[in-house]
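Working notes, structure below.
Protein chains in written order, with my numbering: chain A, 2 to 309; chain B, 2 to 309; chain C, 2 to 309; chain D, 2 to 309.
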């Protein structure tokens with residue numbers, strides 16, 4: 002079993018897709034290939050069964066099967082975070098414990114859709130962590146565009162202050178640059194310096210690194226870019242990092258479209274030989290001929306720039 | 002196995018609670034008692050594992066266990082509809098088929114949260130029913146206050162026209178009186194006369210019956226009122242039906258509060274000797290001392306009126 | 002000029018409709034008649050140009066014209082609160098100052114739609130009150146069903162603590178009974194005892210009075226009921242108050258339907274001889290024949306009960 | 002008076018900011034300078050008083066004053082579209098008529114916030130255009146991220162079929178690429194070929210042009226880029242157009258952040274000598290030191306690339 006996640010986590014934690022066959026069955030062979038691919042890209046960690054991993058469309062048995070296959074293939078080389086958000090807290094906790102037993106470094110939880118006030122968010126995390134127990138490291142996923150639960154900096158501060166086991170923020174509020182900067186000032190007033198990895202496909206990654214992010218946790222289909230950008234930045238070459246990022250920005254932006262973005266991302270991974278099929282489970286988007294042609298052009302333009 | 006649900010369904014289909022022990026475990030003894038209670042109240046059908054049945058907080062195994070216990074106890078005396086809404090369509094279909102195999106009369110599906118346009122709703126039902134197959138009778142649950150998916154009358158018409166297997170509308174849009182009347186005019190223009198049962202705790206039941214509803218599908222904790230109101234109305238005594246309804250209206254209104262309403266409903270069932278515990282699974286509301294006192298007063302007032 | 006609004010305000014502050022001719026022009030003759038009617042009903046105060054007063058559909062000149070007509074007719078007999086919510090803060094402040102100059106007791110402000118986090122709500126009120134100045138008494142309208150801005154008790158506490166000029170809460174969050182009770186405990190921890198008047202058509206008025214409300218601020222078309230219920234309650238007859246309320250509850254519930262409720266309310270006022278026309282400005286709901294027939298029945302049933 | 006807007010409109014219709022002094026007063030001198038700047042950039046048209054023009058924060062008198070100043074300065078050289086969205090339809094129509102009298106080519110209307118079903122959107126436009134009269138050319142602004150009113154392609158088709166006076170779609174749904182392509186197929190089934198100009202800061206402009214857009218209507222602070230991209234594209238150099246676009250993409254993306262984007266846009270215009278002040282009216286965002294530093298870097302990087 003690997004080390005537990007802590008506040009010093011940094012670099013690129015790739016959000017893993019969940020590979021399916023064309024007919025929607027779990028594709029475990031592609032799962033192995035995908036894990037190998039991510040490792041070759043140099044990622045520092047991996048997050049599975051997140052929102053982009055189509056977790057709610059898997060049965061508990063499928064979630065277990067996929068999770069165990071990933072752990073087997075990784076064999077402890079990098080830490081793995083498991084998304085455990087669930088409408089029922091008992092089921093959330095049971096799955097989190099099985100993930101930790103299987104070797105997870107921590108679990109990721111987003112505020113449940115339907116929470117209205119920030120007091121309710123505070124209470125939701127208090128109750129959930131009480132049931133989960135204090136031993137499980139937790140990533141707070143702040144993603145109001147999807148959860149419909151906005152959380153202000155003051156409320157995040159309170160939740161992180163109350164619960165030392167929450168060691169990382171997956172930062173994907175938007176706009177989010179100022180928010181990120183404000184969270185980084187917490188140590189000035191007795192608060193914690195937590196790990197912050199950014200999501201949203203990395204759309205603002207260079208700016209977020211300059212604001213104090215520790216890296217990215219997102220599923221961009223060219224993980225090698227994310228890895229190199231972070232390495233250059235932390236080696237002191239912020240402008241070189243941003244130059245590389247900007248080369249990929251047209252595709253970052255294209256992948257970042259809500260809904261269809263997941264289908265685009267899986268199709269790029271398919272074209273790159275990682276996945277056997279780009280299938281997204283129903284209900285989900287499918288690319289049509291125009292979408293494919295558009296992607297042809299964007300990928301060809303990227304290759305031309307990289308080759309130049 | 003019972004008869005399949007069809008467009009002539011009417012009367013009171015009670016929405017069943019899912020009974021838990023204080024610690025959150027399924028309470029199958031209370032399940033039996035609850036089924037007996039509903040049957041003694043004279044309900045015409047039952048709906049289990051709906052939104053109010055806390056279905057998303059149950060594991061698939063728990064859903065199966067609860068469902069089978071209900072079917073065993075009912076033993077075919079009344080038709081049962083099973084809520085099968087699910088973020089993944091394959092899982093939705095698999096559970097629907099197991100429900101039909103176990104003896105369900107039909108299944109209930111709400112448009113998935115996250116659908117934005119009405120075209121997406123049309124496509125969602127087309128794709129879902131394609132995967133489900135044409136043999137399963139379906140109830141369309143129109144509940145935008147919870148799903149966040151408003152559906153106009155024209156779109157409902159299109160979906161019901163396209164899919165004869167959808168035989169019933171669970172009508173709980175609000176405001177909804179005019180919408181109900183408009184749906185009732187479909188036969189004037191070549192459309193279907195579907196079954197319409199109303200939800201929302203029955204808050205507007207007398208008006209809805211006058212507008213053409215066939216009954217109620219809701220979980221009000223005094224089902225005998227729903228049953229008597231419908232019987233009186235269909236026996237031609239609309240005013241007598243409304244008099245009885247108005248006697249219970251203060252509690253109908255009190256139960257109809259979002260969120261806490263479920264806790265109130267379960268507590269009334271507990272006080273009436275139906276459930277051993279009023280527990281709602283986390284995350285969920287709990288009554289405090291003030292809430293209990295308030296309910297004491299409302300229930301005492303009702304008893305005084307009924308006794309008078 | 003009348004006295005300024007303070008924390009001891011109580012009783013019934015009726016929300017005034019804005020009367021229009023059938024063609025949508027302001028109807029100032031009906032305005033006079035409406036003011037007289039409200040005064041005859043015994044209301045303790047009046048609120049004009051609120052959400053139900055169709056304020057955003059009036060030009061600034063029309064708002065001034067209507068406001069001045071109301072002030073002239075009332076002639077200082079009861080305090081008047083003026084709704085001043087506005088997408089632009091400078092325009093909000095300018096109109097608020099003209100209202101105070103004309104004799105208003107205070108102004109009502111709701112958090113602007115589009116605010117996402119509670120920090121933003123706190124900042125919105127701080128900035129707005131800075132521009133408004135400390136002399137204007139303010140009512141905080143907490144109406145998330147319309148504003149889409151939920152505000153928790155802790156945030157309300159902070160805003161009321163920070164700004165002594167906010168003297169009243171228009172309480173219409175739903176569900177809201179527990180929230181009301183929690184606000185009433187503020188004095189136990191060094192907080193203020195503010196005035197709380199409840200909205201939402203008074204749907205839960207008896208329960209809200211028992212929880213500590215000081216009265217109602219709503220536009221129910223039978224204001225005499227609101228007045229008598231409050232008087233009986235504060236005279237110590239909580240059950241008598243609730244008996245009277247329950248008699249009107251079927252219409253309270255009917256009027257409380259979102260959107261069409263305003264058209265129903267204006268139609269009842271028209272039938273009672275208060276308004277010359279029930280017109281709602283476009284875009285707005287219109288009653289059709291079925292809606293009228295339904296209202297006939299509900300009003301006849303009420304009269305029968307009151308006559309009995 | 003200029004020509005009326007029609008379905009053949011194309012190119013870049015710049016969305017004009019509304020310039021304010023630091024204290025929030027209208028800045029008419031900057032208005033002149035801004036108009037000159039836009040004309041020098043080669044824009045084909047202009048849109049004023051849109052959502053980004055802070056129109057709801059202006060009084061009707063201020064809207065008139067700003068509008069007349071713009072018309073005077075333009076002196077008929079390019080067509081001007083005036084945003085007239087308003088919570089009240091009579092006020093909408095009155096302002097639209099005064100805009101047309103003053104020389105507008107057409108007006109822009111978005112579905113009013115609060116509309117729930119697409120039937121309501123259809124009815125809203127029918128009623129609004131009935132009051133507006135058939136002579137006023139209309140742009141339909143499809144911007145659900147702000148209006149919260151999603152509209153499907155079928156509903157757009159119906160509205161455009163019903164109302165020949167609606168000649169242009171401001172396309173800013175997101176994701177929107179497939180939607181744009183679907184609208185372009187209308188002529189294949191007897192529908193109209195309307196003008197489509199894209200918004201959203203132009204974030205997907207090269208893809209949207211390839212999908213059939215006629216140009217852009219957005220307020221990007223480097224309008225010369227939008228102009229050159231459209232010219233190159235329509236001259237047959239799609240790749241050259243996209244190369245130029247990609248050079249500016251880092252700032253397009255940065256400006257496209259909700260809320261703070263307007264403050265960034267105005268600040269760039271200030272730095273470029275167009276506006277005297279970057280002030281946004283309250284309630285509105287303000288840049289802080291970190292935001293400025295970030296913008297320094299992004300603008301310097303752009304200049305370096307352009308200079309290279």
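Idealized CB from N, CA, C, for every residue including glycine.
{"Check": "Test item: CB-CB of residue 171(D) and residue 107(D) under 8 Å", "Outcome": "no"}
{"Check": "Closer than 8 Å to chain A by CB, residue 184(D)", "Outcome": "no"}
{"Check": "N-terminal and C-terminal residue of the beta strand (DSSP E) that residue 141(C) is part of", "Outcome": "139-143"}
{"Check": "Bounding residues of the beta strand (DSSP E) (the contiguous stretch that carries residue 170(B))", "Outcome": "167-172"}
{"Check": "Contact check, residue 22(D) vs residue 280(D), beta carbons under 8 Å", "Outcome": "yes"}
{"Check": "C-beta atoms of residue 35(C) and residue 10(C) nearer than 8 Å", "Outcome": "no"}
{"Check": "Given 8 Å, three or more beta-carbon pairs between the region 118-133 of chain B and the region 65-73 of chain B", "Outcome": "no"}
{"Check": "N-terminal and C-terminal residue of the alpha helix (DSSP H) that residue 105(A) is part of", "Outcome": "Counting along the chain, residue 105(A) falls outside any alpha helix (DSSP H), and DSSP gives it neither H nor E."}
{"Check": "Near-chain B residues of the region 274-290 of chain A - C-beta to any C-beta below 7 Å", "Outcome": "282, 283 and 284"}
{"Check": "Coil, strand or helix - residue 213(D) by DSSP", "Outcome": "coil"}
{"Check": "Runs of beta strand (DSSP E) lying entirely within the region 15-58 of chain B, each at least 3 residues, in chain order", "Outcome": "46-49"}
{"Check": "Chain-ordered chain C contacts of residue 261(B) [CB-CB under 7 Å]", "Outcome": "176"}
{"Check": "Residue-chain proximity (residue 171(D), chain B), Cβ-Cβ < 8 Å", "Outcome": "no"}
{"Check": "Residue burial classification, residue 41(A) (beta-carbon count within 10 angstroms, cutoff 16)", "Outcome": "exposed"}
{"Check": "According to DSSP, residues forming a beta bridge with residue 110(C)", "Outcome": "141(C)"}
{"Check": "Cα-Cα separation between residue 152(A) and residue 183(A), rounded to whole angstroms", "Outcome": "13 Å"}
{"Check": "7 Å CB neighbourhood of residue 51(A) in its chain, flanking five on each side removed", "Outcome": "16, 84 and 109"}
{"Check": "Member of 247(D), 283(D), 288(D) and 284(D) whose CA lies at the smallest distance from the CA of residue 266(D)", "Outcome": "288(D)"}
{"Check": "Separation of residue 19(A) from residue 276(A), as counted between CA atoms", "Outcome": "10 Å"}
{"Check": "DSSP state of residue 13(D) mapped onto helix, strand, coil", "Outcome": "strand"}
{"Check": "Pair within 8 Å by beta-carbon distance, residue 220(D) and residue 53(D)", "Outcome": "yes"}
{"Check": "Candidates 305(B), 201(B), 272(B) and 91(B), of which the one nearest residue 293(B) by Cα", "Outcome": "272(B)"}
{"Check": "Sheet register partners of residue 218(B) (DSSP bridge)", "Outcome": "14(B)"}
{"Check": "One or two residues paired with residue 198(C) in a DSSP bridge", "Outcome": "171(C) and 216(C)"}
{"Check": "N-terminal and C-terminal residue of the alpha helix (DSSP H) that residue 230(D) is part of", "Outcome": "224-235"}
{"Check": "Buried or exposed by the 16-neighbour rule on C-beta atoms within 10 Å, applied to residue 77(C)", "Outcome": "exposed"}
{"Check": "Proximal residues to residue 203(D) (C-beta, below 7 Å), its chain only, five neighbours per side dropped", "Outcome": "217, 219, 221, 227 and 253"}
{"Check": "Stretch-stretch touch, CB-based, cutoff 8 Å, three pairs: the region 171-180 of chain B with the region 193-200 of chain B", "Outcome": "yes"}
{"Check": "C-beta atoms of residue 44(B) and residue 13(B) nearer than 8 Å", "Outcome": "yes"}
{"Check": "Bounding residues of the alpha helix (DSSP H) (the contiguous stretch that carries residue 82(C))", "Outcome": "Premise fails: residue 82(C) lies in the beta strand (DSSP E), 81-84, not in any alpha helix (DSSP H)."}
{"Check": "Whole-Å CB distance - residue 63(C) paired with residue 116(C), under 8 Å assumed", "Outcome": "Not quite, the Cβ-Cβ distance comes to about 27 Å (not below 8 Å), so this is no contact."}
{"Check": "Own chain residues within Cβ distance below 6 Å of residue 185(B), not counting five before or after", "Outcome": "213"}
{"Check": "CB of residue 58(C) within 8 Å of CB of residue 112(D), strictly", "Outcome": "no"}
{"Check": "Cβ of residue 159(D) within 8 Å of any chain A Cβ", "Outcome": "no"}
{"Check": "Closest residue to residue 162(B) among 48(B), 193(B), 256(B) and 132(B) (Cα-Cα distance)", "Outcome": "193(B)"}
{"Check": "6 Å Cβ shell around residue 90(A) - same chain, five flanking residues per side excluded", "Outcome": "129 and 132"}
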